[in-house]
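Structure first, then comments.
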Amino acid sequence: MLVNIADASVLLKQNKVVAFPTETVYGLGGNALSDDAVQSIFTIKGRPANNPLIIHFNSVAQALNYCELDPRALKLISILWPGPLTIVAIKKKEAKISSFASAGLDTIAVRYPDHAIAQKLLSGLNFPLAAPSANISGSISPTSAVHVSDSFGGSVPVIDGGKANIGLESTIIDLTSQSPVILRYGFITPEVIVKIINQEVNTENNISILKAPGMMDKHYAPSCNLRVNASKAFSDEVVLNFGRSNLEGAFSYNLSPTSNINEAATNLFAFMRQAEKVVLWNKLKGIVIAPIPNIGIGLAINDRISRAAFN
Ligand code: TXA
Ligand code: MG
């Protein structure tokens with residue numbers, strides 16, 4: 162069901178949930194201070210209760226009411242907010258964020274999205290929005306309003322903001338300890354962060370503890386078989402090529418014919434959803450993706466598709 166910003170605002174004030182666009186992917190938003198609203202989000206998504214939600218704010222000032230942002234965080238956000246960077250920070254003791262949203266942790270993941278509709282919506286509310294990606298837990302994130310309806314069968318109100326610009330979820334950096342840890346790759350690369358804070362960062366691949374509970378091995382997954390980094394395709398597969406790769410399957414698409422890695426990121430989830438449908442309709446074996454360069458947002462693309470292909 163499509164709604165406008167005013168309707169969405171009324172629903173959110175009643176502690177109902179609404180899906181809304183951001184520059185990364187669509188979020189399933191609810192009042193982060195309300196246990197009812199937050200629990201509805203978990204129920205609708207089928208999300209495990211131990212996987213905390215990102216809290217979305219309308220300004221740096223609002224975020225500062227809820228968490229402690231150290232000098233490194235303040236430096237990052239002075240340059241990168243609003244934008245696709247989520248910071249895990251210590252929750253303020255007096256912050257009334259629902260403990261379900263933070264899965265009982267004393268930290269919260271905070272984000273100020275760079276999207277006119279998201280900002281207008283958040284600015285009309287006197288509470289932040291808890292908002293995970295608006296898809297069934299573990300499946301492909303939505304980059305359009307139609308994807309949201311496809312995920313929830315039209316029962317969830319959604320504000321249509323067109324196609325998401327970036328197309329992959331925000332970069333997450335944990336700044337709760339002395340050594341920063343990238344918990345999820347995104348548009349903001351580790352190099353950009355290192356340059357701004359002038360400190361090395363760890364990536365989740367080289368830390369042993371799983372610090373972002375949602376980053377389980379299998380995620381972002383289509384319902385069919387998926388192979389990645391492929392040098393050959395079979396006649397019963399749907400191919401997602403990149404640039405000059407020219408794998409031929411039953412059907413072939415190209416994430417970016419001009420080898421533009423940002424374009425490939427924007428298209429990835431929409432093309433995976435489309436390819437999944439084509440596989441099901443034509444009773445094919447699965448999807449195959451050509452090699453994607455591991456540079457810039459390519460790190461995030463490879464992270465997502467390798468989790469999607471995980472068995
Ligand atoms: O781009 C995005 O970040 C989108 C849009 C809607 O803003 N949201 C999004 O949310 O991707 P979600 O729920 O799909 O991913 C949130 C991730 C999960 O991996 C979760 O474990 C992690 O953030 N997270 C949330 N709170 C955390 C915390 N306190 N400590 C560590 N990780 C946390
Ligand atoms: Mg998600």
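Following my numbering, the numbering of the sequence shown begins with 162 at its first residue and continues without gaps.
Every residue, glycine too, gets a C-beta built ideally from N, C-alpha and C.
Residue i, buried or exposed, once every other Cβ within 10 Å from all chains shown has been counted against 16
i, result
"Gly265", "exposed"
"Ala210", "exposed"
"Asp196", "exposed"
"Arg465", "buried"
"Ser369", "Bear in mind that the predicted position of Ser369 carries a pLDDT of just 41, short of 50, making it unreliable; the figure below should be weighed with that in mind. Ser369 should be labelled exposed."
"Val449", "buried"
"Ser509", "This structure leaves residue 509 out entirely; the chain is present only between 162 and 472."
"Leu235", "exposed"
"Asp231", "exposed"
"Lys252", "buried"
"Glu398", "buried"
Sub-9 Å separation of residue i and residue j beta-carbons
i, j, result
"Ser396", "Gly410", "yes"
"Ser298", "Val389", "no"
"Leu329", "Thr204", "no"
"Val362", "Ser331", "no"
"Ala180", "Ile278", "no"
"Cys385", "Val440", "yes"
"Asp275", "Pro243", "yes"
"Leu282", "Leu173", "yes"
"Gly188", "Ala256", "no"
"Ala426", "Ala461", "yes"
"Ser284", "Asn219", "yes"
"Val221", "Ile238", "yes"
"Val164", "Ile202", "no"
Check: residue i C-beta below 8 Å from any heavy atom of the ligand MG
i, result
"Pro293", "yes"
"Asn296", "yes"
Collapsed DSSP secondary structure at residue i in the structure displayed
i, result
"Thr204", "helix"
"Ala425", "helix"
"Ala291", "strand"
"Gly459", "helix"
"Ser413", "strand"
"Lys254", "coil"
"Phe395", "coil"
"Phe261", "coil"
"Ala270", "strand"
"Ala155", "Residue 155 is absent from the model: the chain starts at 162 and stops at 472."
"His380", "coil"
"Ile180", "Sequence check: residue 180 is Ala here, not Ile. Correct three-state label for Ala180: strand."
Any non-hydrogen atom of the ligand TXA within 8 Å of residue i CB
i, result
"Asp275", "no"
"His217", "yes"
"Glu330", "yes"
"Val186", "yes"
"Val249", "yes"
"Arg388", "no"
"Pro245", "yes"
Same chain, Cβ closer than 6 Å to residue i, five either side skipped, listed in chain order
i, result
"Ala198", "Asn176, Gly191, Asn192"
"Asn472", "none"
"Ile216", "Ala193, Ile269, Val271, Pro289, Ala291"
Nonlocal neighbours in the same chain, by C-beta distance under 8 Å from residue i, ignoring five residues either side
i, result
"Glu424", "Leu416, Ser417"
"Glu437", "Ile301, Pro383, Ser384, Cys385, Ile448"
"Asn455", "Asn463"
Proximity test, residue i beta-carbon vs the ligand PLP heavy atom, cut-off 8 Å
i, result
"Ser302", "Judged by which ligands are present, the ligand PLP is missing from the structure shown, whose ligands are the ligand TXA and the ligand MG."
Chain-order list of residues whose beta-carbon lies under 7 Å from that of residue i (same chain, five-residue window excluded)
i, result
"Ala391", "Leu408, Val449, Ile450, Ala451"
"Pro351", "Ile343, Val362, Thr364"
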